[in-house]
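>
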Amino acid sequence: FRLIFLVDEVSQYIGSSTSLLLNLETIVEEIGISCDNKVWLVCTAQQDLKNLIDNTDTRGADFGKILARFETRISLQSQDASYITKMRVLAKNSDGIGLLTDFYKKSKGDIENLFTFDHDLYHNYDDSEDYLLTYPFISYQFRLISSFFSFTNVIKASGFRAL
Numbered sequence: 036f037r038l039i040f041l042v043d044e045v046s047q048y049i050g051s052s053t054s055l056l057l058n059l060e061t062i063v064e065e066i067g068i069s070c071d072n073k074v075w076l077v078c079t080a081q082q083d084l085k086n087l088i089d090n091t092d093t094r095g096a097d098f099g100k101i102l103a104r105f106e107t108r109i110s111l112q113s114q115d116a117s118y119i120t121k122m123r124v125l126a127k128n129s130d131g132i133g134l135l136t137d138f139y140k141k142s143k144g145d146i147e148n149l150f151t152f153d154h155d156l157y158h159n160y161d162d163s164e165d166y167l168l169t170y171p172f173i174s175y176q177f178r179l180i181s182s183f184f185s186f187t188n189v190i191k192a193s194g195f196r197a198l
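Structure (structure tokens):
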């Protein structure tokens, strides 16, 4: 199993505080050790990690140590989030590609029947390549997730009492 915690706008929490940045580093390290690296912590920020660290009063030695804790760093623009997710986060190794290709060939009819919708917004996999890129998701789910986050940002901006 993999459990993923999403922490949005971590840069607002950290600000320019080195101690809060080190606190985040400790949390990430402890989660990794305690959960045998089966739990991931994904943090988002308006700026990339290097800029966030540059804005703190962190010394050079601390900087390298902190960056080393965050092995995968992806700088995203909102318009390419789906592409980056497919190419970096959901990338499959050669064994996975082989297994999924075989499964898709054997189960293509079942897959098409499972994901047939009467709405233009929701559509099935385009082909085996689309299946490989997006599995375990379906293409429309990227748009759905993006819409969800946009909606929650509207709620945060107006407050829950406004609903």
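In this note's numbering, the protein residues as written are 36 to 198.
C-beta: ideal position from N, C-alpha, C; glycine also.
Report buried or exposed for residue 168, applying the criterion of at least 16 other Cβ atoms within 10 angstroms of its Cβ.
With 16 or more Cβ atoms within 10 Å of its Cβ, residue 168 is classed as buried.
> Please report the distance separating the alpha-carbon of residue 78 from that of residue 165.
One C-alpha to the other measures close to 27 Å.
> Distance, Cα to Cα, residue 47 vs residue 56?
Distance between the alpha carbons of residue 47 and residue 56 is about 11 Å.
> Near residue 144, which residues of its chain fall below 6 Å by C-beta distance, leaving aside the five closest residues on each side in sequence?
Hits under 6 Å: none found.
> Straight-line CA distance for residue 142 to residue 53?
Cα-Cα distance, rounded: 52 Å.
> Pick helix, strand or coil for residue 39, following the three-state DSSP scheme.
Three-state DSSP puts residue 39 in a strand.
> Can you tell me where the alpha helix (DSSP H) with residue 167 in it begins and where it stops?
Note, residue 167: alpha helix (DSSP H), 163 to 169.
> For residue 38, count neighbouring C-beta atoms within 10 Å of its own C-beta (all shown protein chains included) and say buried if the count is 16 or more, exposed if not.
Exposed, because fewer than 16 other Cβ atoms sit within 10 Å of the Cβ of residue 38.
> Might you give, ordered along the chain, the residues of its own chain that have their beta carbon closer than 6 Å to the beta carbon of residue 182, omitting 5 neighbours on each side?
So no residue of the chain qualifies.
> What residues in its chain sit with their C-beta under 8 Å from that of residue 151, if we drop five residues either side in the sequence?
Here the set comprises 159.
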